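Those sequence lines, one after another, are chains W and F.
Residues 273 to 642 in the numbering used here are what the first sequence spells out, letter by letter.
Residues 23 to 691 in the numbering used here are what the second sequence spells out, letter by letter.
Working notes, structure below.
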Amino acid sequence: MGDTTPFLKIRNLTKMFGTFTALKDISLNVNEGEFICFLGPSGCGKTTFLRAIAGLDIQTAGTIEQAGKDISPLPPSERDFGIVFQSYALFPNLTVNRNIAYGLENAGKSKKAIKARVAELLEMVGLSDQGDKYPAQLSGGQQQRIALARALATSPGLLLLDEPLSALDAKVRTFLRHEIKDLQAKLGITTVMVTHDQEEALTMADRIVVMDHGTIEQVGTPLEIYREPATLFVADFIGEMNQLPATAVNNTSTKVGDIELVCNEHTIAQGQSGILTIRPEDVVPHGKGARSPGAKDPIKTPQNTFDVTIKEMEFLGSFWRASLTSKKLHDHELIADFSINAVSRMALKEGGTIKVELPEQALRFYAADN
Amino acid sequence: MVDVPINTAHLGPTIKPKTGRDAWIMRAFIVVIGLYLVITLAFPLYAMLSKSFNTYAFDLSRYEIQVNTGTGWGDPITVEDLNEAVKKYKPEDLKTSSDGRLPIVEMIDGFSFRSKTLYRLRNTTKGSAYLVGSERITDTQWHEYTSNEFRRVFLKPVVATGLDNFVQYFSNPSLFNSIYNSLFIAIVSMVITITLAFTFAYAMARSKMRFKGAFKVIAMAPILVPSLLPGIALVYLFGNQGMLKVLMGDQTIYGPIGIIAGSVFFTFPHAMIIIQTSLSISDARLYEASDALGASKIKTFFTVTLPGARYGLISAAFVVFNLVITDFGLPKVIGGQFNVLAVDIYKQVIGQQNFEMGAVVSVVLLIPAMFAFAIDRIVQKKQVSTLTARSVPYEPKVNRRFDNIMFTYSAVVAGLIVTVLAVCQFAALIKFWPYDLTLSLVNYDFDVMDGGGWGSFTNSIKLGFMVAFIGTVVVFVGAYMVEKVPAFGLGRSAFQFLAMLPMAIPGMVLGLAYIFFFNDPANPLNGIYGTMAILVICSITHFYTVSHLTALTALKQMDKEFESVSASLKQPFYKLFTRVTVPVCLPAILDISIYLFVNAMTTVSALIFLYSPDTTLASVAMLNMDDAGDIAPAAAMGMMIFYANSIARIIHHFASKGLYTKTQAWRTR
Numbered sequence: 273m274g275d276t277t278p279f280l281k282i283r284n285l286t287k288m289f290g291t292f293t294a295l296k297d298i299s300l301n302v303n304e305g306e307f308i309c310f311l312g313p314s315g316c317g318k319t320t321f322l323r324a325i326a327g328l329d330i331q332t333a334g335t336i337e338q339a340g341k342d343i344s345p346l347p348p349s350e351r352d353f354g355i356v357f358q359s360y361a362l363f364p365n366l367t368v369n370r371n372i373a374y375g376l377e378n379a380g381k382s383k384k385a386i387k388a389r390v391a392e393l394l395e396m397v398g399l400s401d402q403g404d405k406y407p408a409q410l411s412g413g414q415q416q417r418i419a420l421a422r423a424l425a426t427s428p429g430l431l432l433l434d435e436p437l438s439a440l441d442a443k444v445r446t447f448l449r450h451e452i453k454d455l456q457a458k459l460g461i462t463t464v465m466v467t468h469d470q471e472e473a474l475t476m477a478d479r480i481v482v483m484d485h486g487t488i489e490q491v492g493t494p495l496e497i498y499r500e501p502a503t504l505f506v507a508d509f510i511g512e513m514n515q516l517p518a519t520a521v522n523n524t525s526t527k528v529g530d531i532e533l534v535c536n537e538h539t540i541a542q543g544q545s546g547i548l549t550i551r552p553e554d555v556v557p558h559g560k561g562a563r564s565p566g567a568k569d570p571i572k573t574p575q576n577t578f579d580v581t582i583k584e585m586e587f588l589g590s591f592w593r594a595s596l597t598s599k600k601l602h603d604h605e606l607i608a609d610f611s612i613n614a615v616s617r618m619a620l621k622e623g624g625t626i627k628v629e630l631p632e633q634a635l636r637f638y639a640a641d642n
Numbered sequence: 023m024v025d026v027p028i029n030t031a032h033l034g035p036t037i038k039p040k041t042g043r044d045a046w047i048m049r050a051f052i053v054v055i056g057l058y059l060v061i062t063l064a065f066p067l068y069a070m071l072s073k074s075f076n077t078y079a080f081d082l083s084r085y086e087i088q089v090n091t092g093t094g095w096g097d098p099i100t101v102e103d104l105n106e107a108v109k110k111y112k113p114e115d116l117k118t119s120s121d122g123r124l125p126i127v128e129m130i131d132g133f134s135f136r137s138k139t140l141y142r143l144r145n146t147t148k149g150s151a152y153l154v155g156s157e158r159i160t161d162t163q164w165h166e167y168t169s170n171e172f173r174r175v176f177l178k179p180v181v182a183t184g185l186d187n188f189v190q191y192f193s194n195p196s197l198f199n200s201i202y203n204s205l206f207i208a209i210v211s212m213v214i215t216i217t218l219a220f221t222f223a224y225a226m227a228r229s230k231m232r233f234k235g236a237f238k239v240i241a242m243a244p245i246l247v248p249s250l251l252p253g254i255a256l257v258y259l260f261g262n263q264g265m266l267k268v269l270m271g272d273q274t275i276y277g278p279i280g281i282i283a284g285s286v287f288f289t290f291p292h293a294m295i296i297i298q299t300s301l302s303i304s305d306a307r308l309y310e311a312s313d314a315l316g317a318s319k320i321k322t323f324f325t326v327t328l329p330g331a332r333y334g335l336i337s338a339a340f341v342v343f344n345l346v347i348t349d350f351g352l353p354k355v356i357g358g359q360f361n362v363l364a365v366d367i368y369k370q371v372i373g374q375q376n377f378e379m380g381a382v383v384s385v386v387l388l389i390p391a392m393f394a395f396a397i398d399r400i401v402q403k404k405q406v407s408t409l410t411a412r413s414v415p416y417e418p419k420v421n422r423r424f425d426n427i428m429f430t431y432s433a434v435v436a437g438l439i440v441t442v443l444a445v446c447q448f449a450a451l452i453k454f455w456p457y458d459l460t461l462s463l464v465n466y467d468f469d470v471m472d473g474g475g476w477g478s479f480t481n482s483i484k485l486g487f488m489v490a491f492i493g494t495v496v497v498f499v500g501a502y503m504v505e506k507v508p509a510f511g512l513g514r515s516a517f518q519f520l521a522m523l524p525m526a527i528p529g530m531v532l533g534l535a536y537i538f539f540f541n542d543p544a545n546p547l548n549g550i551y552g553t554m555a556i557l558v559i560c561s562i563t564h565f566y567t568v569s570h571l572t573a574l575t576a577l578k579q580m581d582k583e584f585e586s587v588s589a590s591l592k593q594p595f596y597k598l599f600t601r602v603t604v605p606v607c608l609p610a611i612l613d614i615s616i617y618l619f620v621n622a623m624t625t626v627s628a629l630i631f632l633y634s635p636d637t638t639l640a641s642v643a644m645l646n647m648d649d650a651g652d653i654a655p656a657a658a659m660g661m662m663i664f665y666a667n668s669i670a671r672i673i674h675h676f677a678s679k680g681l682y683t684k685t686q687a688w689r690t691r
């Protein structure tokens, strides 16, 4: 973040509902022009966090600064943001034009200027010909874009999106992800989006804030979140992940069943148990007795390599998902994704035995429970 | 989730949210409308409650008297000693009501107003008083009177607080028997109405019979008439000179039979609409499942239909109970010697001028009414959760035999309702039943009868419009503010409580409470007593709860984020209110106004105590004409109310439809 002041500076935010703590001592910086996603399971506090930033549910303690100004106690009407809700909250009795113009009135603008601005916004969201319709006459995706246009009408400094895509069907959702992302990039508006859909967060966000139980688990770029999950919760929540009970041997090595596996550096004391994780697509098949193509020593088998039996194979279109077992793993099942190519090249099939490698950099070891 | 409070020691100071301008304005509205409810509901009720504990008695020891028979002034003695000497009043004779006055000359042997004897009288303590004519003497000076003046001297009672009134009430069988009577008619009417209404609602929801629309319109008609109208019809049918008197055998219609029959008539639509709602929201999938499992029709009825409608049934039962036990007009007209609580209040207040005893009966009547209200509220809350978004509405299939049975039943019920109305209309047009059966409009010549003439009809229309307009504005604005104001938890709960309370207060009780509160000369609002304003205020308060709930239901159906969006766009709440909330809620707003109009037109109970010669009302005139023996004109007036309400309903219907197509275009895709 360097020495530039962040656009949003959130410090020690706590929100209590009675005795229930919805947000626990949260701090976060958001830079100007950044697209941030709050990601987490339902009840994790992500919506509460967004509503605190909007001033709709003001925090119990802690401060929020926006553009250098402390906005902590201010009601929504005295803050600077536009918001889109999951329900869109379009005014049903007003036409699309009137909906978008709603925030432009009483601001000293001429009727002509308002009309021009509405036309510009409609053009921007690609619905120029829909201005005279009522919201109920539009499709879900169109309503969503009108809500976006309305939120952007007053050119706010901050755009808040509360699960804006979750009421739409899959195709429209994918399309709108790109639309919103492009629009955001074009306008350069700082955006905070709440979602429970990890795919949405991974494809749209500059940075993702993973939350659970009212706390931040990890803040990072989509790649960081996916490749280097900071906690077992993040590892489990994002994507598919094998979780194998293991014991620490030393700070770069663990033991699963009878197999010792070299892994990323960890801080768990020797002899303590934990969970060793690897993503299914990181499991490397070597066929029957084949050598690792990249192995330096062609004779010696690469490290973290052992025999497994293919218990089951499931065809998932672009790849095969296999469940692998091994006596040495004490019958812990290992899920692996193999490319169609690899399966046909190595003639993998159910009941067969192969060697697999669990690459060191793909293995992460976490304390068992948090 | 973690439910343990976290250690807050290291946290910064608690943020105190700033209350924005909108929030202040909304709070101000809540406070103003809340104050309205406090003044028009809480204060009067308090005045009534405290009145019920007030006892009045003449305290003779507080007066001194001196007599001069022409031979100079005798020694002053207390009036108490005077009474001892002549043995005139026994202690129980000295108990009285607030209005009581004791003629002092009764205690003077051989008093003649022509005699030359002079008298002196004084209050020995502050707080006692006596009247000379209409002049009230409260000082402790001696005042001298001639015999002629002295005959116009009356002692006034002093007030004390205690349970005496209640003791007196419960030691008088002719009073407390009314409790049994009221409970009896309420429970019997409840059982009969619920049975009839359930069957009718079942026919509407579960059969494919014809003329459902017409049946529904007829079934709702009793709402449009005062509760005493069926009483008048019953008198014409089964009264002493009734058309069908023979059917009564040696029973009389004047008493419980008449009250119950009339109660079933006027409570029927209320029960029917509640039960029909609960039947219509039942889930078709349950019936399919029951069918698939091979259950018989009877079994399905008892395992699916009845349990599904149970909340509606319970709710309807208590609504009927409450309506009957608090109703005044019907038992007044047809109750005969059969006393019920609501009529007792009237008799105590209007007949005997015993306001304290009226207050006691009111307190007694409040108990079952509050109880029924509380149960209804609990049940209503449970009802909400029975319908899920996935439920499939039940679509009845054609079943000739079943449909025919249901049609016959519904036709009989509708026929009975129409008969009651037709009998009244017929009675109104007959010159003099049963002696002169020529048709004439003589009974419409209200101006020559008791009750205020045609003026009372126009007053009622005026009242209806004022209550509908002012009431709708107050109720809807109040409901909006309380639903949408940010924070302000305590203010909201207090307001909600006040808004729910009127439902539990019987009209007679509210009316009497208004006398105590507004007729008190010390009340700065005393000026509205006897005006149209107090009738409007009383009616709005009396019918506040149902209107408030209707408004809340409509408001809750709106997206709760509208306010958030509007605030984020820096627009004041009143812009959202006028541009979005009111237009979207217009159907509900119209429903509230017609509800208020119809009820203001038909209510008797609360307003019977409050009208003045300038503000007589149609429904009250009906009662007074009936009281004076002018039954046919009473029936004529009742039908005028019916027609006025019917026209209002029809206008409401078309207004709703017109507005619907004009402003609710967005509802159709």
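Beta carbons are placed, not taken as given, at the ideal position from N, Cα and C, and that holds for glycine.
Note that the structure is predicted; figures quoted are calculated from it, not measured.
Residue-level contact to chain W via CB, residue i, 9 Å cutoff
i      : result
F/K578 : no
F/P35  : yes
F/F584 : yes
F/A45  : yes
F/G42  : yes
F/H292 : no
F/P39  : yes
F/R423 : no
F/L591 : yes
Residue-level contact to chain F via CB, residue i, 9 Å cutoff
i      : result
W/T332 : yes
W/G375 : yes
W/L437 : no
W/P552 : no
W/T255 : Beyond the ends of chain W as shown, which are 273 and 642, falls residue 255 of chain W; an answer cannot be given.
Residue i to residue j span [Cα, whole Å]
i      : j      : result
F/S204 : F/M270 : 23 Å
F/R174 : F/V101 : 16 Å
F/Q593 : F/V445 : 59 Å
F/F51  : F/V497 : 11 Å
F/L520 : F/I216 : 30 Å
F/I663 : F/V247 : 6 Å
F/A450 : F/G264 : 14 Å
Which of helix, strand or coil DSSP assigns to residue i
i      : result
F/M471 : coil
F/G56  : helix
W/E629 : strand
F/K484 : helix
F/H570 : helix
Per-residue burial, residue i [other beta carbons within 10 Å of its own, 16 or more giving buried]
i      : result
F/Q370 : buried
W/K341 : exposed
F/L185 : exposed
W/Q338 : buried
W/H558 : buried
W/H602 : exposed
F/K679 : exposed
beta-carbon residue i near the ligand SAH non-hydrogen atom, thresh 8 Å
i      : result
W/K383 : The model on display carries no ligand, and the ligand SAH is accordingly not part of it.
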